[in-house]
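Counting the sequence shown from 1 gives a position; our numbering is that position plus 26.
Every residue gets a Cβ at the ideal spot worked out from N, C-alpha and C, and that includes glycine.
Encoded as structure tokens, the structure appears first; notes follow it.
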Amino acid sequence: MGKADLHTHTSASDGELSPKQLIEKAVEKGLDTISITDHDTIKGYLDVKDLAGDYGITIIPGVEVSAKWNDREVHILAYNFDVNDPALIGLLHNQVWARKLRMKAIVKHLRSQGVDIDYDEVLAESFGGNIGRPHAASVLIKKRYARSVQEAFIRYLGNSVIQKIETEYTTVEDLVTVIKNAGGVLSIAHPSTFFTETEMEQLISFGIDGVECIHPSHNFNLQKKYLRFAKKNQLLITGGSDFHGKSKTDYDPFFGIVTLGSHHVEALIRTSDNRRSILEKQLSNG
Ligand code: AMP
Ligand code: ZN
Ligand code: FE
Ligand code: FE
């Protein structure tokens, strides 16, 4: 049975490896399907999509979107959408801008606490990738405010003030509409870090198709719980390692180990194909 990893990050967001290096590592680990799910950008995927044939690997379009719901931020994974869809391109454009605005607010807060950090320094750490807190962590480490990314999060970047900063991220409702109109499917990312079962039921009522049951933050019991939840609600099952590259997160050893069976990938593609054929019929009926 083929192995897939539908949750990975590259240097196009806050990952360490370039998209090409990630594909090479995936081949080395024996994966036959991968999705690059950078935070709020598909640039990494676009860079390597034409290499898939050369490497004998399937690369599914993907993205991990930060969305607003009930005054909170939730991560929603989207897959197999039309990457040229104008509404999708517009939504991601807005997300990139919203991340910049949010980082400016984070820097302002840290400065008010006496931390010597500039927005431009954080931007420089992102090396052209979509900006996020791990890039601020790199600055804090360089300036000896913290010794590791984890410490930077504990001491500076994970506190409730920063979590409550108002963002311009998309709402879950808008995201679902845009992704479905682009023929894609959606899945709730790593629910363990965010949700109770009731909250998950509320979220799927917006039309989300699946749940990320397989993730390094889920122990065996949690995994079983989410698999049961998916079955009960007739949801797709997604999963992956949330790989960011060495030193970025605790999940990195799981690349090539925390994987998803190919039958789940096939179900996901079928859902997307059905969606696309319905959209085409609607278009041709005027
Ligand atoms: P952001 O996209 O700015 O909200 O930052 C979220 C990213 O920061 C996640 O995808 C992880 O890569 C990383 N992250 C979040 N919490 C931690 C943590 N406690 N330690 C290390 N990295 C973290
Ligand atoms: Zn990340
Ligand atoms: Fe996430
Ligand atoms: Fe992620």
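- By the 16-neighbour rule on beta-carbons within 10 angstroms, H289 is exposed.
- Contact between the segment 98-105 and the segment 203-211 is present, with at least three C-beta pairs closer than 8 Å.
- Under DSSP, E99 takes part in a beta bridge, and its partners are K94.
- DSSP, reduced to helix, strand and coil, places I62 within a strand of the structure shown.
- Distances from the CB of A215 to the heavy atoms of ligand 3 include at least one below 7 Å.
- Taking all protein chains shown into account, P87 has 16 or more neighbouring C-beta atoms within 10 Å of its C-beta and is therefore buried.
- In its chain, beyond the 5 residues on either side, F232 have a beta carbon closer than 8 Å to the beta carbon of E199.
- If you check the C-beta of G158 against ligand 2, you find a heavy atom less than 7 Å away.
- In the three-state reduction of the DSSP assignment, S186 falls in the helix class, which pools H, G and I.
- Distances taken from the Cβ of D66 to the heavy atoms of ligand 2 include none shorter than 7 Å.
- A Cβ-Cβ contact shorter than 8 Å links V89 with D66.
- With contacts defined as CB atoms closer than 8 Å, V165 and V148 qualify as a contacting pair.
- Within the same chain, Cβ atoms closer than 6 Å to the Cβ of V291 are found at A30 and T59, the five residues on either side in sequence being excluded.
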